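S.K.: Here our numbering is used: position 218 in the sequence shown is 236, and no number is missing along the way.
The C-beta atom is built at its ideal place from N, Cα and C for all residues, glycine as well.
None of these values were measured; they are calculated from a predicted model.
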Amino acid sequence: MTDTARYQVLDRAPRTLADRLLRWETILCLLLAAVIVVNALGSPYFLDLYNLSDMTQNFSEKAIIALGMALLILTREIDLSVAAIVALASLAIGYGAQAGYGPVMLIAIGLGVGIVCGAFNGWLVTGFGLPSIVVTIGTMSLYRGIAQVVLGDQAITTYPEEYTNLAQLYIIQEPPLYLAFILFLALAVLFTIVVHYTVWGRMLYAIGNNPVAARFSGIPVNRIRFLLFVLTGLLAGLASALLTARIGSTRPNIALGWELEVVTMVVLGGISIAGGSGTMPGVVIAVFVLGLTTFGLTLINVPGIVIAVILGVLLVAAIALPIIVRRILGLRV
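1. What does DSSP give as the partner residue(s) for Y188 in the beta ladder?
2. Can you confirm whether the segment 104-112 touches the segment 126-137 when touching is taken to mean that 3 or more C-beta pairs between the two stretches lie within less than 8 angstroms?
3. Does DSSP put I54 in a helix, in a strand, or in coil?
4. By Cβ distance below 6 angstroms, which residues in the same chain neighbour T144 in space, the five residues on each side in sequence not counted?
5. Given that a residue counts as buried once 16 or more other Cβ atoms are within 10 Å of its Cβ, and exposed if not, what is V284?
6. For L148 and A336, what's the separation of their Cα atoms in angstroms?
7. DSSP three-state call for I174: helix, strand or coil?
8. Give the DSSP-derived three-state secondary structure of T268 in the structure shown.
9. Which whole runs of the alpha helix (DSSP H) in the segment 194-245 are 4 residues long or more, in chain order?
10. Exposed or buried, which one is F209 when buried takes at least 16 other CB atoms within 10 Å?
11. Specify whether the segment 92-102 and the segment 246-261 touch according to this definition: at least 3 beta carbon pairs, one from each stretch, less than 8 angstroms apart.
12. Go through its chain and collect everything with a Cβ distance to R94's Cβ below 6 angstroms, but skip five positions before and after it.
13. Would a C-beta distance cut-off of 8 angstroms place L124 and A115 closer than the cut-off?
14. Decide if the segment 201-217 is in contact with the segment 44-56; the criterion is three or more beta carbon pairs, one per stretch, under 8 angstroms apart.
15. How about I303 and L46: are their beta carbons less than 8 angstroms apart?
16. Since G266 and Y188 are thought to touch, with beta carbons under 8 angstroms apart, how far apart are those beta carbons, to the nearest angstrom?
17. Starting from I125, trace the alpha helix (DSSP H) both ways and give me its first and last residue.
18. Tell me the rounded alpha-carbon separation between P321 and L310.
19. Helix or strand or just coil, what does DSSP make of V100?
20. Pick out whichever of L222, I272 and A51 has its Cα sitting closest to the Cα of G163.
21. What number of angstroms, rounded off, separates the C-alpha of Q172 from the C-alpha of R269?
22. Can you tell me which of I328, L317, L315 and I289 puts its alpha carbon nearest to the alpha carbon of A84?
23. What is the DSSP secondary structure of R94, counted as helix, strand or coil?
24. How many angstroms separate the CA atom of M158 from the CA atom of P193?
25. I believe Y196 touches A185 by the beta-carbon criterion, under 8 angstroms. Please report the beta-carbon distance rounded to the nearest angstrom.
26. Note down, in chain order, each residue of its chain lying with its Cβ closer than 7 angstroms to the Cβ of Q75, except the 5 sequence neighbours on either side.
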């Protein structure tokens, strides 16, 4: 006769049907469905496959960066220098193109600059115990300033054709999909598996919920945070390589304002700005919500400034609503 345990410790709390229906991801799916229906009714061109494929180019690079940003915010950190890293990496790629390097080397340059910038951010935060928001605001000005000082009002527009074709050609014909979007989908699957089904992912949630307790439980908190900054810089470098190839030019204002859009994707996706909660599928759904919303508004000729206001409202709502709901539920208990 085999012994049975007196208590069964569940891996996660049991969820009722009501719990699943009220999950943030479920709400985002309903919002995504509403966006698709409204936009389809508003424009006959919205559901065209090639139009939707072109739409993915407007958010794929940002979405790639958002995957890394999600992990940082999950651990109570943030990197506001990601757009400036894109600019600095693009500058390095431009000089590499002028030196005669091919596509592989140009992409490697972008990735290398991203890694160095991310490592510098991580070193300042973990090595000196500085707040990441303050550090990355400073490095945002530093990296963007270097690009602006070097380029001035000039632009680098000479790139090898085989490099620019990487981002401008359909990698898959049916349905038509660009390289950047395919990379985003592949990375999204990889990040989801790592965050939700591995020990490493559990450590991220532990750090986000209580970094002191995580440290005393043997988790190398600072090492993991440093690696997350490096990873986010790497993804920003990859986004820079893809963006530079797509637009075929390097300007000092490239990716200007992207940091706020990336944070909006992450927070709207349900990653708590206080750390320790949220899911990667939520971030992916939020990416499509924002991408399709922007695309639909553009099709009906809504001015860019109005779109920016709408995105700002979504960001504020995504931050405020969970807090308001928790307070309401707290009063009822």
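M.R.: From the atom records:
1. Y196
2. yes
3. helix
4. N240, R243 and F244
5. buried
6. 27 angstroms
7. strand
8. strand
9. 197-215, 217-227 and 229-234
10. buried
11. yes
12. G226 and G293
13. yes
14. no
15. yes
16. Contact doesn't hold; Cβ gap of about 17 angstroms is too wide.
17. P121 to F146
18. 16 angstroms
19. helix
20. I272
21. 7 angstroms
22. I289
23. coil
24. 38 angstroms
25. 7 angstroms
26. Y196, A198 and R264
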